[in-house]
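Just so you know, the sequence shown maps onto residues -20 to -1, 1 to 171 in mature numbering (1 follows the signal peptide of the UniProt record, and there is no 0).
What follows is a set of notes on a single structure, which appears directly below.
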Amino acid sequence: MVSALTRLLLLTCVILPFHGAEKLRKALDRKDVEYEKYNSCPQGPAGTPGREGNPGHNGIPGTPGIPGRDGIKGEKGECVSEVFEEPWKHNYKQCAWNSLNYGIDLGKIADCTFTKLRSDSALRVLFSGSLRLKCKTACCQRWYFTFNGAECTGPLPIEFIIYLDQGSPELNSTINIHRTSSVEGLCEGDL
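What follows is the structure, encoded as structure tokens:
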């Protein structure tokens, strides 16, 4: 059997070196702190600032934020019944004449019947042809469209006017001018 003295000696040999090592470690730590405290270099004055560097590259995009919350509920709207109108249809007519040389000075030149389908639309009219003015003295002539016997008022009358100065009195001449012309316009409302 191992005696008590041998055990005590064995324990002392095993535990004592650990206890001494711990004391040594603590002493070394204190020396490092003291070295840094007393043996570090003092800091001198700040140097001149350096120049600005080149801009860097764009970084990685951030993650999307948290979605916002729903707003408060709005007021209830009115119940409106929808009115479905008929689809818009083309409604056009072309009137043409071979010869309008009646030799008349006043009155209706030609007639063209047309039925508008809607009162909230406009009627587009166009005349393209020869207009004649003949006179010995200064004269003026006006050509215009009428609808059901009346001139258009919305937006404006559709008309064409020619004025001629007098002919040559010493030669007793007559001015007889033919002009290819166009008269065009829109007439709105009920016709």
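From the three backbone atoms N, C-alpha and C, an ideal C-beta is built for every residue, glycine too.
What residue does the beta strand (DSSP E) around residue i start on, and which one ends it?
{"i": "Arg84", "result": "Before going on, a small fix: residue 84 reads as Ile here, not Arg. That residue, Ile84, is in no beta strand (DSSP E); it is neither H nor E in DSSP."}
{"i": "Arg112", "result": "Ala102 to Cys115"}
{"i": "Ile141", "result": "Glu139 to Leu144"}
{"i": "Trp123", "result": "Cys119 to Tyr124"}
How many Å lie between residue i and residue j at the Cα?
{"i": "Leu86", "j": "Cys120", "result": "13 Å"}
{"i": "Arg49", "j": "Thr43", "result": "18 Å"}
{"i": "Gly54", "j": "Ser61", "result": "20 Å"}
{"i": "Val105", "j": "Gly165", "result": "6 Å"}
{"i": "Asp170", "j": "Gly51", "result": "50 Å"}
{"i": "Leu4", "j": "Ala26", "result": "The predicted position of Leu4 is uncertain, since its pLDDT is 48 and thus under 50; a value taken from the coordinates is nonetheless stated next. Taking the straight line joining both Cα atoms gives about 40 Å."}
{"i": "Gln41", "j": "Asn34", "result": "The sequence shown places Pro at residue 41, rather than the Gln named in the question. Using only the alpha carbons, I get a separation of about 21 Å."}
Any Cβ of chain D within less than 8 Å of the Cβ of residue i?
{"i": "Thr126", "result": "In the displayed structure, chain D is absent; only one protein chain is listed."}
Tell me whether the beta-carbon of residue i lies closer than 8 Å to the beta-carbon of residue j.
{"i": "Phe127", "j": "Cys92", "result": "no"}
{"i": "Ile142", "j": "Leu111", "result": "yes"}
{"i": "Ser79", "j": "Ser162", "result": "no"}
{"i": "Cys132", "j": "Phe140", "result": "no"}
{"i": "Leu97", "j": "Asn71", "result": "yes"}
For residue i, does the count of other Cβ atoms within 10 angstroms reach 16, so buried, or fall short, so exposed?
{"i": "Phe94", "result": "exposed"}
{"i": "Ile138", "result": "buried"}
Practice task
Give a yes or no on contact between the region 152 to 162 and the region 106 to 119, applying the rule of three or more CB pairs nearer than 8 Å.
Solution key: yes
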